[in-house]
Structures are given as structure tokens and as C-alpha cells.
Amino acid sequence: MGTSAQEPNLWKQIDDAEHYLVSGLFEQAVSTALSVSSQVHSAAMENSCDHDELLEMLELAGMVLVQALKELKRTSEMFIQLKTIYGSVASIPLKIFITGATMHMAGGSGSDLRPIFDEYLAKWRYTDDQVYVLDEGKNSSSNGLVVTSVMSPEQYFEVAELYTVTFLSVVSHETATAISWTEKAELTEQDRQDLLRKLHALQSAANKKSTNQGAKLSESAERNLSTSQNGSISPAHEDATKSSAPTHNGNIQGLRKALPKSIQPSFQRVTNQFDPLFWWFHSFRIKFGKVHVVLPSGKVMFLFSLLFSTLYILRRKGAALKRTAFQQISSLRRGFLDALQLAFSTQINPLAAVQQVPQAPRASW
Numbered sequence: 001m002g003t004s005a006q007e008p009n010l011w012k013q014i015d016d017a018e019h020y021l022v023s024g025l026f027e028q029a030v031s032t033a034l035s036v037s038s039q040v041h042s043a044a045m046e047n048s049c050d051h052d053e054l055l056e057m058l059e060l061a062g063m064v065l066v067q068a069l070k071e072l073k074r075t076s077e078m079f080i081q082l083k084t085i086y087g088s089v090a091s092i093p094l095k096i097f098i099t100g101a102t103m104h105m106a107g108g109s110g111s112d113l114r115p116i117f118d119e120y121l122a123k124w125r126y127t128d129d130q131v132y133v134l135d136e137g138k139n140s141s142s143n144g145l146v147v148t149s150v151m152s153p154e155q156y157f158e159v160a161e162l163y164t165v166t167f168l169s170v171v172s173h174e175t176a177t178a179i180s181w182t183e184k185a186e187l188t189e190q191d192r193q194d195l196l197r198k199l200h201a202l203q204s205a206a207n208k209k210s211t212n213q214g215a216k217l218s219e220s221a222e223r224n225l226s227t228s229q230n231g232s233i234s235p236a237h238e239d240a241t242k243s244s245a246p247t248h249n250g251n252i253q254g255l256r257k258a259l260p261k262s263i264q265p266s267f268q269r270v271t272n273q274f275d276p277l278f279w280w281f282h283s284f285r286i287k288f289g290k291v292h293v294v295l296p297s298g299k300v301m302f303l304f305s306l307l308f309s310t311l312y313i314l315r316r317k318g319a320a321l322k323r324t325a326f327q328q329i330s331s332l333r334r335g336f337l338d339a340l341q342l343a344f345s346t347q348i349n350p351l352a353a354v355q356q357v358p359q360a361p362r363a364s365w
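The sequence shown: position 242 = 242 (the UniProt record's numbering), numbered continuously.
Shown next, in the form of C-alpha cells:
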């Protein structure tokens with residue numbers, strides 16, 4: 001499949017979309033990303049570009065789209081637009097799907113996610129080749145849709161874990177539903193047992209917290225009864241009453257502390273996996289001709305921090321470093337010159353080793 005003259009223009013538009021996103025021009029980023037996806041579909045129908053390169057372009061455009069929609073507070077449109085681009089929810093690339101779902105949950109608008117998760121996970125079938133294959137495998141570049149039709153068990157497990165552990169158990173507090181889904185899901189036996197172990201740990205942690213809260217409420221009621229009989233309310237009781245009022249954040253924090261360490265990474269997925277600070281800098285792409293190098297945001301931030309720290313130290317300590325270096329060089333120079341002077345100023349007699357020392361004449365008495 002030959003290289004089309006359209007490819008450089010598409011890459012330039014992707015660069016423009018990423019520039020709009022970083023610059024805070026989110027409307028322009030959305031429109032440019034949608035324009036790129038439309039042109040990619042046209043190129044796929046014409047078979048004028050490499051399929052893998054079209055997949056990469058479409059994934060980059062999709063990532064710009066979901067981040068820009070999130071910044072515009074239009075997360076409700078996210079999966080509608082993605083479904084238009086990829087043809088179905090199940091055809092959305094894994095990275096974009098997880099990003100969009102996590103943004104929904106982090107923004108507090110996760111109520112519409114259950115049918116989206118169900119549709120995504122239900123369309124993949126585990127085969128004897130130990131891979132998941134998309135049921136809608138007929139969708140390909142021949143009809144303008146550019147999709148990936150194969151998924152590894154690790155990738156499928158990542159989505160299933162996000163759905164059951166994070167969305168159903170932590171966000172929606174429906175651990176029993178998550179356990180029921182896991183028992184029937186098309187997972188490998190090892191993945192199923194791993195998920196069930198995490199879900200049961202979450203369930204027992206939630207039950208333990210519920211029992212503790214019930215005991216505290218009972219104790220508070222007894223104190224309330226005794227203080228009402230005495231006709232006064234102590235300040236300590238007022239503080240206990242305020243602290244006993246459960247809040248969503250309090251429940252989450254308490255549940256986080258009660259979780260085993262093996263569960264905590266999954267629990268933290270919503271808040272930690274896609275830190276809003278780095279959404280604009282999700283990745284940093286360097287292009288050398290046709291070679292594209294993608295650096296993760298963490299490495300980019302580390303390199304910039306290291307560079308700025310080095311420049312700062314050199315600027316603040318430059319004079320002291322120069323003075324120290326000059327003193328060291330001067331000391332070495334003086335030592336070298338002294339050694340030369342000593343070497344050339346000392347007269348050496350080559351016959352001194354064989355000559356006898358003259359004896360002093362003896363005095364005559």
C-alpha cells in the first residue's frame with residue numbers, strides 16, 4: 001500500500017489539534033480532531049494509506065477529542081462522538097475508552113457508564129488462540145471504519161477491573177452486582193479469581209466499616225439519651241454528632257484505609273491514573289521526518305524539571321564554581337612551575353657516585 005500525499009497534511013492537522021489543546025483552545029481542538037477523523041475514514045475507503053498509520057492517527061485524534069471535551073465540561077458527548085468515529089463502542093481503542101470512562105467517573109457523571117461498559121465488554125469473545133476477538137470483525141478499512149479487532153487478555157482484564165472494582169464497587173457501591181457479573185463474564189479462570197478476590201476484599205472492608213459506623217451511631221444515641229436526661233449537651237457530644245454524619249468523601253477515605261494493599265492501586269485508578277495536571281500533556285510526540293517518537297508525560301516532566309534544576313544551580317552557583325575551578329587550576333599551575341624550576345636549577349654531577357670524598361689533611365704535631 002503506497003504512501004499518500006495526504007499523510008503529511010493529516011499529521012500536521014494532528015499537531016495543530018494537540019497545539020490547540022495545550023494552548024487552551026478547546027473548541028478548535030475538538031473541531032480539528034473531528035476533521036482529522038473524517039479524513040482518515042476517507043483515506044481508509046480509498047486504501048491510499050497504511051492501515052496501521054491510520055489507526056495511530058485516529059487514536060491521537062480521539063485522545064485530543066476526549067481531553068478537549070472534558071475541559072469544555074461536555075463529557076456527556078464523549079462516547080457519542082467516539083461511537084461516530086469508530087462505528088461502535090466496542091471498537092474504541094482501549095486507551096481512549098479507559099481515559100473517557102475515567103474522566104466520566106472523576107467528573108461525577110458516571111451514571112451513564114454502565115450500558116457503555118456492558119456494550120464494550122460484551123462484544124469481545126475469548127478464543128482458543130488465547131486472545132479476545134471483536135464480534136464486529138467485519139468492520140475494517142474497506143467501509144471507512146478503522147478499528148482494532150484483537151485484544152489481549154491483559155487488556156480485557158484492565159477494562160473488566162475498571163468496571164467491577166472501580167465503577168461498580170467503589171463509585172456505585174454495588175459490590176454484589178460486580179461479583180455477579182464477574183462470575184458470569186468471559187474471563188480466563190485466573191483473571192476471574194483475581195477479580196473475585198479483590199471484590200470480596202472490598203465487600204468485607206465495606207461491611208466492616210458499616211458495622212463500625214453502626215456501633216458509633218448506637219453509642220452516640222446512648223450519649224444523647226443520657227445527656228438529654230441531664231438537661232445539657234456536652235461539647236464532646238456535639239463533635240461526635242458532627243463526625244458521625246456520613247459523607248461521600250468520608251466513606252471513600254475510610255474505605256481506602258480499610259483496603260488491603262493489593263486492592264489500593266485499583267481503588268486509586270480514578271484519581272491517580274489520569275491526573276488532571278497532565279491531561280494537557282498526555283504525551284509528547286517528536287517527529288523526525290517519518291519517524292515519530294512518543295514520550296510519556298511523566299518522563300517529559302522529569303526531563304524538564306532536571307533541566308531547569310541544572311540551569312538554576314549553574315546560574316546561582318556559577319560564580320562560586322568558577323572561582324573554585326580557577327583556584328584549583330592556579331594551584332596546579334604553581335606546583336608545576338615550582339617542579340620545573342627545581343629540576344632545572346639543581347646542578348647534578350654525573351661522577352659523584354664514583355668519586356671519593358677527599359679527606360682532610362692530618363695536622364703534624
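Think of the CB as a built atom: it goes at the ideal place given N, C-alpha and C, for glycine as much as any other residue.
Legend entry - Among Gln155, Glu154, Thr175, Tyr156, nearest to Thr164 - alpha-carbon criterion: Here residue 164 refers to the residue found at position 164 when the sequence shown is read from its first residue. Here the closest residue by C-alpha is Thr175.
Inset, instruction - Check Val165 in the structure and name its three-state DSSP category. - result: For the purposes of this step, residue 165 is taken as residue 165 along the sequence shown, with counting starting at 1. Residue state, collapsed to three classes: helix.
Legend entry - Alpha carbon of Gly100 to alpha carbon of Glu161, nearest angstrom: Here residue 100 is taken as the residue at index 100 of the sequence shown, counted from 1. Here residue 161 is taken as the residue at index 161 of the sequence shown, counted from 1. Cα to Cα, the separation comes out at about 15 Å.
Inset, instruction - Report the three-state DSSP secondary structure of Pro260 (helix, strand or coil). - result: Taking the first residue of the sequence shown as 1, we reach residue 260 at position 260. At Pro260, the pLDDT of 45 sits below 50, so the modelled position is not reliable; the number obtained from the coordinates is stated separately. Correct three-state label for Pro260: coil.
Inset, instruction - Given a cut-off of 7 Å, decide if Ala17 and Ala33 are closer than it, judged by their beta-carbon atoms. - result: In the sequence shown, residue 33 corresponds to position 33, counting from 1. In the sequence shown, residue 17 corresponds to position 17, counting from 1. Contact flag set, yes.
Inset, instruction - State buried or exposed for Pro115, treating a residue as buried only when at least 16 other CB atoms are found within 10 Å of its CB. - result: The count along the sequence shown starts at 1 and reaches residue 115 at position 115. Exposed: under 16 other Cβ atoms inside 10 Å.
Legend entry - Three-pair Cβ contact test at 8 Å for the segment 194 to 211 versus the segment 166 to 184: yes
Inset, instruction - Look up Met151 in the DSSP assignment and give the residues it is bridged to. - result: Position 151 of the sequence shown, counted from the start, is the residue given in the question as residue 151. Tyr132, per the DSSP bridge assignment.
Legend entry - Residue environment, Ala90, which counts as buried when at least 16 other CB atoms sit within 10 Å: Residue numbering aside, residue 90 sits at position 90 when the sequence shown is read from its first letter. Ala90 should be labelled buried.
Legend entry - Run of the beta strand (DSSP E) containing Gln74, from where it starts to where it stops: The residue given as residue 74 occupies position 74 in the sequence shown. Checking the displayed sequence, the identity of residue 74 turns out to be Arg instead of Gln. It is not in any beta strand (DSSP E) - Arg74 carries neither H nor E in the DSSP assignment.
Legend entry - Among Leu303, Gln193, Met45, nearest to Phe157 - alpha-carbon criterion: Position 157 of the sequence shown, counted from the first residue, corresponds to residue 157. The residue with the shortest Cα to Cα distance from Phe157 is Gln193.
Inset, instruction - Taking all protein chains shown into account, decide if Met45 is buried (16 or more other Cβ within 10 angstroms of its Cβ) or exposed. - result: Start at 1 with the first residue of the sequence shown, and residue 45 comes out as number 45. With fewer than 16 other Cβ atoms within 10 Å, it is exposed.
Inset, instruction - Excluding the 5 residues preceding and the 5 following Gln130 in the sequence, name in chain order all residues of the same chain whose CB lies nearer than 7 Å to its CB. - result: As a first step, residue 130 must be located in the sequence shown, where it is residue number 130. Excluding sequence neighbours, Gln130 sits near Pro153.
Inset, instruction - Measure from the alpha carbon of Gly24 to the alpha carbon of each residue in Glu183, Ile313, Lys70, then state which is nearest. - result: Against the sequence shown, residue 24 aligns to sequence position 24. When each option's Cα is compared against that of Gly24, the closest is Lys70.
Inset, instruction - Please name the residue in Ala206, Thr148, Lys12 whose C-alpha comes closest to that of His51. - result: Counting from 1 along the sequence shown, the entry for residue 51 is found at position 51. Nearest option by C-alpha distance: Thr148.
Legend entry - C-alpha gap between Ala185 and Leu21, whole angstroms: Position 185 of the sequence shown, counted from the first residue, corresponds to residue 185. Position 21 of the sequence shown, counted from the first residue, corresponds to residue 21. Cα to Cα, Ala185 sits roughly 38 Å from Leu21.
Legend entry - Residues bridged to Tyr126 [DSSP beta-bridge criterion]: Here the question's residue 126 lines up with position 126 in the sequence shown. Tyr132.
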